[in-house]
Amino acid sequence: MPTQRRRSKHLRSARPLGSGHASSAAKADGRWIVRTVSGANAVKDYRCPGCDQLVRPGTPHVVVWPAEPVLGHSGGVEDRRHWHNSCWSRRR
Ligand SMILES: [Zn+2]
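Residues in the sequence shown are numbered consecutively from 28, following my numbering.
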């Protein structure tokens, strides 16, 4: 499987993270907005809260954040969590 390395960053970043699909999910602790991140858009290491392992760059995964603002949290980017797809689907 060939690795896709796109150097045309300017074309690619025209839509800031807008290519994923956002949906919401109900879990035991509330509702979450879930956005899928393609491997091409995963460019950093993230710590998956589900398994405490890294989500490696190039790994398709999901970004989740509370659907309703949580007291004491801004609801901003810093509240977002990156999960492996499998870990998120296992979460209750
Ligand atoms: Zn995980």
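Don't be surprised by glycine CBs; every beta carbon is placed ideally from N, CA and C.
Simplified DSSP state of residue i, which is helix, strand or coil
i	result
residue 57	strand
residue 65	coil
residue 108	strand
residue 74	strand
Neighbourhood of residue i by C-beta, 7 Å cutoff - its chain only, sequence neighbours within 5 removed
i	result
residue 118	54 and 77
residue 88	64, 69, 82, 109, 110, 111 and 112
residue 84	69, 70, 71 and 72
Residue i burial status per 10 Å Cβ neighbour count (16 or more: buried)
i	result
residue 109	buried
residue 82	buried
Supposed contact pair residue j and residue i - C-beta distance, whole angstroms, cut 8 Å
i	j	result
residue 62	residue 94	Actually they are not in contact, since the Cβ atoms of residue 62 and residue 94 sit about 12 Å apart, beyond 8 Å.
residue 106	residue 115	Not a contact, Cβ separation roughly 16 Å.
Same chain only: Cβ atoms within 6 Å of residue i, ignoring 5 sequence neighbours per side
i	result
residue 51	58, 60 and 94
residue 75	82, 110, 111 and 114
residue 56	none
Same chain only: Cβ atoms within 8 Å of residue i, ignoring 5 sequence neighbours per side
i	result
residue 48	62 and 63
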